[in-house]
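**Q** Here you go, one structure.
Protein chains: 4
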Amino acid sequence: MSAKLNVGVIGLGRLGKVYLRDLATRIPETTVVAVADIDRTLAAGLADEFNVPKSYASGDDLIDDRRVEAVVIVSPTHAHRANVVAAVEAGKPTFCEKPPALTLAECAAMSSAVEKTGTFFQMGFMRRFDPGYAAAKEKIAQGVIGRPVVFKSSSRDPFRPSLEYANPASSGGIMVDMGIHDFDLARWFMGDVDTISASGAVLAYPEMASIGDIDNAIATLEFADGRLGVIDLTRNGVYGYDITTELLGDAGTLRIGYLRETPILTMTTNNVSHDTVPYFMERFERAYTIQLQNFAQNVLNQRAPAVTLDDGVEALRTALAATAAHHTRQRVKVSSIQ
Amino acid sequence: MSAKLNVGVIGLGRLGKVYLRDLATRIPETTVVAVADIDRTLAAGLADEFNVPKSYASGDDLIDDRRVEAVVIVSPTHAHRANVVAAVEAGKPTFCEKPPALTLAECAAMSSAVEKTGTFFQMGFMRRFDPGYAAAKEKIAQGVIGRPVVFKSSSRDPFRPSLEYANPASSGGIMVDMGIHDFDLARWFMGDVDTISASGAVLAYPEMASIGDIDNAIATLEFADGRLGVIDLTRNGVYGYDITTELLGDAGTLRIGYLRETPILTMTTNNVSHDTVPYFMERFERAYTIQLQNFAQNVLNQRAPAVTLDDGVEALRTALAATAAHHTRQRVKVSSIQ
Amino acid sequence: MSAKLNVGVIGLGRLGKVYLRDLATRIPETTVVAVADIDRTLAAGLADEFNVPKSYASGDDLIDDRRVEAVVIVSPTHAHRANVVAAVEAGKPTFCEKPPALTLAECAAMSSAVEKTGTFFQMGFMRRFDPGYAAAKEKIAQGVIGRPVVFKSSSRDPFRPSLEYANPASSGGIMVDMGIHDFDLARWFMGDVDTISASGAVLAYPEMASIGDIDNAIATLEFADGRLGVIDLTRNGVYGYDITTELLGDAGTLRIGYLRETPILTMTTNNVSHDTVPYFMERFERAYTIQLQNFAQNVLNQRAPAVTLDDGVEALRTALAATAAHHTRQRVKVSSIQ
Amino acid sequence: MSAKLNVGVIGLGRLGKVYLRDLATRIPETTVVAVADIDRTLAAGLADEFNVPKSYASGDDLIDDRRVEAVVIVSPTHAHRANVVAAVEAGKPTFCEKPPALTLAECAAMSSAVEKTGTFFQMGFMRRFDPGYAAAKEKIAQGVIGRPVVFKSSSRDPFRPSLEYANPASSGGIMVDMGIHDFDLARWFMGDVDTISASGAVLAYPEMASIGDIDNAIATLEFADGRLGVIDLTRNGVYGYDITTELLGDAGTLRIGYLRETPILTMTTNNVSHDTVPYFMERFERAYTIQLQNFAQNVLNQRAPAVTLDDGVEALRTALAATAAHHTRQRVKVSSIQ
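Chains as they are written, first to last, in the numbering used here: chain Z, 1 to 338; chain Y, 1001 to 1338; chain H, 2001 to 2338; chain R, 3001 to 3338.
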């Protein structure tokens, strides 16, 4: 393996372009040697823009490229299984964006390939690399809040996605699409979830009903060791993109998140105001970069992945349990979701 | 009735003393003409301190006092029923601190007396009079956040109460003792609750198990019209007394609460810090005063009570439903609690 | 002297009423036994409202009242000298609102009377009793910021006062009227000021020129030991009443002040906003009460005054030096102002 | 000129490396075709790291390189004059980091070359490109605060620079080194400064006296049209890097700046705390990038420079006037500094 990691990027949508830019220009440890997208023109154009020598219309071709030493998969979720299995079977260290897949069956195929081949695989959950969340993890390890006993997390989108995007058939529904980040954080900070109960409804965008999804949800978690958690998700955080997590310990509390984007206060008659974080890229841009750099460093230094496929699978299982809890109006045991 | 309202105060514990001080010195509309407490010495001492002409060892005697035009009841919860029934049957406008009682049977007796006599009765829920909560109510009426669709509330005590105080036999347990304020706010902002699910546990103070109560709880509410709510309660908000409520609307969000008590920031190497709100009296002192003044004004001006006994009864019913949901691990219909 | 201090209040204007209320109802150590105001009807009405047995049309009569053990002077500034001299010559512990007077000649007469009689005298500078400022003083004593080396203070009124009030003939001009609080803080935290330079202008309210005053000013202080300070004053803090002070030390910084009055955030499309502190009474109500209580406790316990007449005189001298610096456009030695 | 701007970078110190990285990897409009530094090894190493085809030991050689279309000068201040004159005489659009020079004589030579040749020249003042400052400029143009009447700015370094760096012979002293940014902002927001008075002292680092500089300074500005300003500078902002500016208008106020770096609050017993901004690169990283991108876009689109050499010269003149005001203890007319 070379001193710098030669990476191929599969999938050049909104997030794929950001990953390409980061790998090509912001992460000293990586060189992008190939990109792939089913839109061949898009791939060629971006290859040109970022001085990437090769572009492909298929992930398989990219994986076959001998110069590609590691694969970053940002393709649509339904393609994850095929891309991941091909990449790890080719023995190429692989990074795959969340969620791992929409079904546990697909996950099983991916896990089996990763396990069988022993190829390095790192799951994408960028929040773990956000300086705020990373600081929280460290402070908890240092005992700053004692033992964390309650996990609270809130994810708010400033508007609903397009109905096409939001369709549960491709997005997995709100619990998977939005919630998987919070469920992953829950597991990261607190460990496995035992049972979930949930309530949800269409409250702000009646048209969400037409695709069979909801726009607001609340999920209550009981962790395996009896500790508690609660997650609320909304598509109508109309004031801005607001991601907040709290960890209540028996000796203190941590609160992660912030509300203001631009460092200016406007003060007029009896009013002080500021703007908000527009959307996820403004909030997590740095986390995305750190995450990919961490992937590259782990591969180059033969370290274990920071986030495993199993982390992805269990976060998905938890999100599916939350979905089931909402649908059945019953408390659901996460392990019952197979 | 005189221009100023001649009030008698029954119960001179921690909160009773504050009420006495407010009524005697801060509320221009009231004069305290009698106080009562089973601790006759305490009653006499406080009467002396606040220039109150009469002190009694029993609420009934105070109610019988002809100079007493209105009665403020801050006695222990188990005494509310007897005090309230006596006061309203005597035809004296009555204010009673929350909760109305610990059981719905007691409530029924009180309601029946209030209804039968038609005497003015106002329930104590001071948060409704806090400038933050009052501003929220007004802003919602003005349409600032559109239609509120999700209610979130969090109550955190900086430490656990004494086991004697916390004992569910007298406190009603965490859902009633702490939660009734949040359940009342939920009803005030959103209307009646249809069903509740809840999770709770002893997580910070193992000794709470010995009295049969928990120290952390999460309750999810489905309102009668399908909107959602979530309340979390903790006894281990060790950093300070932190009461936060959010109302998510389809056009905006309101957040009520604050973290800093003293207006000073201390900035040392890589650190900016401030103190916190110590406890409920610092947080709600002004709300308590405004609430009693509102009671007096309503009586003097023959206006309807701002908070009714029914509000108290329904908040209690909701809290009891939450308790049942926790105990049965089932979603509970609030109306099933009788 | 009785267990409670029998106080007489001279001057029942805006602030005088607040002092009367505090002394009559909020401060357990005091009883108000007499009030005086040249508006006899006002005095009689307020005496009635607060159960004060006597009301007078003149301060001298009040001072002569044998029941009056201590005198609180909130009369117009031009009357301070006469009231203070009479009160201390009568041997009655005296509190006088700032500024001590408008001229150093008047101050000299007052100082001479206080010195000659040895009567207890406490100067009013309520900011010293504000929990934020008091905490700052304590933290500095504890060494939290090391040695304070720069003092910064900013006073902003939300609107200009009436031209009648603001007239320098009676108000002393902006440096005295607004600035004396900041000059006192400067001295309290840092010690005597050696020289002052200043700039000022009419920038927001052209009509201020008609009374010979300015609406914005900046004063730079060099303390006797070489440390630095800067004060800015504005009448056009139109967003609200904003009083902020910073102490920069060689090991940290303290910042005193706050912006929000009501504990609520309103979050609408790309906007988070809150209200502001309306005016000085909302900001310093508690400080005023604590200050008077401190006066009463000092008298009752025969402790030294917390703020001396000399503090008042030196703050005035500093404010007059700032005024002179502005007028002469020269750096002025404070000690040269006699 | 090519579609992308081929840039050469002169000076590869701390800031030069950041500029190189930005121009090479973050600004789509630029390609770095040459770098120069008197440390030839450093230049060669960085050229290699950023795929820059040529490296030079002298700025002149870089300017002579025919592939170099535009020159970015980040060399030590004493080299600015020579580099700028050579670059503009070669007809190559030039960007030069602040300050333009340490003396007005050097500035005159540069201005004369820029004027004579008519070559595009843009001065570096990155704060103007910070989203907070840029938003302030825009809001003022929109009339949000009415007419700005007082300018306040505060620059705090978390520690003193090395004595070698801070030496006024090379840094220009605190008014030039730190203050030039604030003086530029003052001019940008308010226009030319007429007179300055200043106070300064060695208060935190006695060793600063050995190099003839001070560590704290306060400068009061009177603008040509009578409006006011005040700037305070400190080397002992030990809590963090804190840059705050306020614009007080006659209809509102803007406050630019922030205190927290990592989005996390730590809440322990009676304490809420967060970290601070470490240093200028964390605070202004984005502003630096935007500034260079703006330079490239202006050149490519033949737009006027966003910041002129004259802006640099006048900010320097103002800083020199502040230095003189401190030294002479007199109010200094800025135009008298030649």
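We treat Cβ as the ideally placed atom computed from N, Cα and C, and that holds for glycine.
Taking the alpha-carbon positions, what's the Z/THR244 to Z/ARG127 distance?
**A** As a position in the first sequence, residue 244 of chain Z is number 244, starting the count at 1. As a position in the first sequence, residue 127 of chain Z is number 127, starting the count at 1. Each residue's alpha carbon lies about 11 Å from the other.
**Q** So that I know if they touch, is there some Cβ in chain Z lying closer than 9 Å to that of Y/ILE1218?
**A** The count along the second sequence starts at 1 and reaches residue 1218 of chain Y at position 218. True, the Cβ-Cβ gap to chain Z drops below 9 Å.
**Q** For the alpha helix (DSSP H) containing R/ASN3006, name the first residue and the last one.
**A** Reading the fourth sequence from its first residue, position 6 is the one you call residue 3006 of chain R. Note, R/ASN3006: premise wrong, no alpha helix (DSSP H); beta strand (DSSP E) at 3005 to 3010.
**Q** For a test of the three-state rule: what should DSSP assign to Y/GLU1049, helix, strand or coil?
**A** Numbered from its first residue, the second sequence carries residue 1049 of chain Y at position 49. Note: Y/GLU1049 maps to helix in three-state DSSP.
**Q** Quick check: the Cα distance between H/VAL2355 and Z/LEU185, rounded to an integer number of angstroms?
**A** Not covered by the structure: residue 2355 of chain H. The range shown for chain H is 2001 to 2338.
**Q** For a contact meaning CB atoms closer than 7 Å, what does Y/THR1253 contact in chain H?
**A** In the second sequence, the residue the question calls residue 1253 of chain Y occupies position 253. In chain order: MET2267.
**Q** Which residues in the same chain as Z/HIS327 place their Cβ atom closer than 6 Å to its Cβ, once the five residues preceding and following it in sequence are excluded?
**A** Translated into the one-based positions of the first sequence, residue 327 of chain Z becomes position 327. For Z/HIS327, where only same-chain residues beyond five positions count, there are no Cβ hits under 6 Å.
**Q** Cβ closer than 9 Å: which chain Z residues qualify as neighbours of R/ALA3003?
**A** Locating residue 3003 of chain R in the fourth sequence gives position 3, counting from the first residue. Within chain Z, no residue comes near R/ALA3003; the closest Cβ sits about 12 Å away, beyond 9 Å.
**Q** Compute the distance between the beta-carbons of R/VAL3071 and R/PRO3100, then report whether it is under 9 Å.
**A** For this step, residue 3071 of chain R is matched to residue 71 along the fourth sequence. For this step, residue 3100 of chain R is matched to residue 100 along the fourth sequence. Going by C-beta atoms, R/VAL3071 is not nearer than 9 Å to R/PRO3100.
**Q** Quick one: what's got a C-beta closer than 7 Å to R/LYS3004's C-beta in the same chain, skipping five residues either side?
**A** Taking the fourth sequence and counting its residues from 1, one reaches residue 3004 of chain R at position 4. Once the five neighbours on either side are set aside, the close Cβ partners of R/LYS3004 are GLU3029, THR3030, THR3031.
**Q** Short of 9 Å Cβ to Cβ, which residues in the region 220 to 238 of chain Z face chain Y?
**A** Answer in chain order: THR220, LEU221, GLU222, GLY226, ARG227, LEU228, GLY229, VAL230, ASP232, THR234, ASN236, GLY237, VAL238.
**Q** Report yes or no: is there a C-beta of chain H within less than 9 Å of the C-beta of Y/GLY1013?
**A** Numbered from 1 along the second sequence, position 13 holds the residue referred to as residue 1013 of chain Y. Cβ-Cβ to chain H under 9 Å: no for Y/GLY1013.
**Q** Who are the neighbours of H/ALA2204 on chain R, taking C-beta pairs under 7 Å?
**A** On the third sequence, position 204 is the one that residue 2204 of chain H refers to. Here the neighbours are VAL3149, ASP3250.
**Q** Could you run through the region 273 to 285 of chain Z and flag, in chain order, every residue whose CB is less than 8 Å away from some CB of chain H?
**A** Within the region 273 to 285 of chain Z, the qualifying residues are SER273, HIS274, ASP275, THR276, PRO278.
**Q** Any C-beta of chain H within less than 8 Å: which residues of the region 289 to 304 of chain Z qualify?
**A** Those residues of the region 289 to 304 of chain Z that come within reach of chain H (Cβ to Cβ, closer than 8 Å) do not exist; the list is empty.
**Q** Please report the straight-line C-alpha distance between H/ASP2232 and H/GLN2297, rounded to a whole angstrom.
**A** On the third sequence, position 232 is the one that residue 2232 of chain H refers to. On the third sequence, position 297 is the one that residue 2297 of chain H refers to. Distance between the alpha carbons of H/ASP2232 and H/GLN2297 is about 34 Å.
**Q** Which bits of chain Z does Y/LYS1152 rub up against, with CB to CB less than 7 Å?
**A** What you label residue 1152 of chain Y is simply residue 152 of the second sequence in a count that begins at 1. Under the 7 Å cutoff, chain Z gives ASP232.
**Q** Would you say H/SER2197 reaches chain R, if we count a Cβ-Cβ gap shorter than 9 Å as a contact?
**A** The residue given as residue 2197 of chain H occupies position 197 in the third sequence. It does; some Cβ of chain R falls within 9 Å.
**Q** Quick one: Cα of R/GLY3130 to Cα of R/PHE3284, how far?
**A** Here the question's residue 3130 of chain R lines up with position 130 in the fourth sequence. Here the question's residue 3284 of chain R lines up with position 284 in the fourth sequence. Contrary to the premise, residue 3130 of chain R reads as Asp rather than Gly in this sequence. Straight-line Cα distance between these residues: approximately 7 Å.
**Q** Residues in its own chain within less than 7 Å of R/GLU3261 by CB, not counting five upstream and five downstream?
**A** Locating residue 3261 of chain R in the fourth sequence gives position 261, where the first residue counts as 1. Result list for R/GLU3261: ASP3275, THR3276, VAL3277, PRO3278, GLU3282, in chain order.
**Q** Roughly how many angstroms lie between the CA atoms of Y/TYR1241 and Y/ASN1216, to the nearest whole one?
**A** Start at 1 with the first residue of the second sequence, and residue 1241 of chain Y comes out as number 241. Start at 1 with the first residue of the second sequence, and residue 1216 of chain Y comes out as number 216. Going from the Cα of Y/TYR1241 to the Cα of Y/ASN1216 covers about 15 Å.
**Q** Along chain Y, which residues have their Cβ under 9 Å away from the Cβ of R/GLY3359?
**A** For residue 3359 of chain R there is no data in the structure shown, the boundaries of chain R being 3001 and 3338.
**Q** Can you tell me whether H/HIS2078 is buried or exposed? The criterion is at least 16 other CB atoms within 10 Å of its CB, across all chains shown.
**A** Residue mapping note: residue 2078 of chain H aligns to position 78 of the third sequence, counting from 1. Burial call: exposed.
**Q** Which whole runs of the alpha helix (DSSP H) in the region 1102 to 1128 of chain Y are 4 residues long or more, in chain order?
**A** 1104 to 1117, all fully within the region 1102 to 1128 of chain Y.
**Q** Please work out which residues of its chain come closer than 8 Å, Cβ to Cβ, to H/ALA2043, disregarding the five sequence neighbours upstream and downstream, and give them in chain order.
**A** Here residue 2043 of chain H corresponds to residue number 43 of the third sequence, with the count starting at 1. Result list for H/ALA2043: LEU2012, VAL2035, ALA2036, ASP2037, SER2055, TYR2056, ALA2057, in chain order.
**Q** Out of curiosity, what's the CA-to-CA distance linking H/ARG2227 and R/GLY3132?
**A** Start at 1 with the first residue of the third sequence, and residue 2227 of chain H comes out as number 227. Start at 1 with the first residue of the fourth sequence, and residue 3132 of chain R comes out as number 132. Cα-Cα distance, rounded: 32 Å.
**Q** Name the DSSP bridge partner or partners of Z/THR253?
**A** Residue numbering aside, residue 253 of chain Z sits at position 253 when the first sequence is read from its first letter. Z/THR253 pairs with Z/LEU248, R/MET3267.
**Q** Is it true that the CB of R/ALA3201 sits closer than 9 Å to the CB of R/MET3175?
**A** Here the question's residue 3175 of chain R lines up with position 175 in the fourth sequence. Here the question's residue 3201 of chain R lines up with position 201 in the fourth sequence. Their beta carbons are not under 9 Å apart, which means R/MET3175 does not touch R/ALA3201 by this criterion.
**Q** Could you round the C-beta distance between Y/MET1123 and Y/GLY1312 to whole angstroms and report it? I think they count as a contact, below 8 Å.
**A** Your numbering for residue 1123 of chain Y matches position 123 in the second sequence. Your numbering for residue 1312 of chain Y matches position 312 in the second sequence. Confirmed, about 4 Å.
**Q** Can you tell me which of R/GLY3118, R/ARG3303, R/ASP3061, R/SER3154 puts its alpha carbon nearest to the alpha carbon of R/LEU3247?
**A** Here residue 3247 of chain R refers to the residue found at position 247 of the fourth sequence. Taking only the C-alpha atoms, the option nearest R/LEU3247 is R/SER3154.
**Q** Using the rule of at least 16 other Cβ atoms within 10 Å of the residue's Cβ for burial, across every protein chain shown, is R/LYS3116 buried or exposed?
**A** As a first step, residue 3116 of chain R is located in the fourth sequence; it is residue number 116 there, counting from the start. Classification for R/LYS3116: exposed.
**Q** What is the DSSP secondary structure of Z/ASP298, reduced to helix, strand or coil?
**A** In the first sequence, residue 298 of chain Z corresponds to position 298, counting from 1. At residue 298 of chain Z the sequence reads Asn, which differs from the Asp that was named. In this structure, Z/ASN298 counts as helix in the three-state DSSP scheme.
**Q** Would you check whether the ligand COA has a heavy atom nearer than 8 Å to the C-beta of Z/THR41?
**A** The model on display carries no ligand, and the ligand COA is accordingly not part of it.
**Q** The beta strand (DSSP E) with R/PHE3223 in it runs from where to where?
**A** Here residue 3223 of chain R corresponds to residue number 223 of the fourth sequence, with the count starting at 1. First-last of the beta strand (DSSP E) with R/PHE3223: 3216 to 3223.
**Q** Given that a residue counts as buried once 16 or more other Cβ atoms are within 10 Å of its Cβ, and exposed if not, what is Z/MET1?
**A** As a position in the first sequence, residue 1 of chain Z is number 1, starting the count at 1. Because Z/MET1 sits at a pLDDT of 46, beneath the cut-off of 50, its placement in the model cannot be relied upon, and the point is left open.
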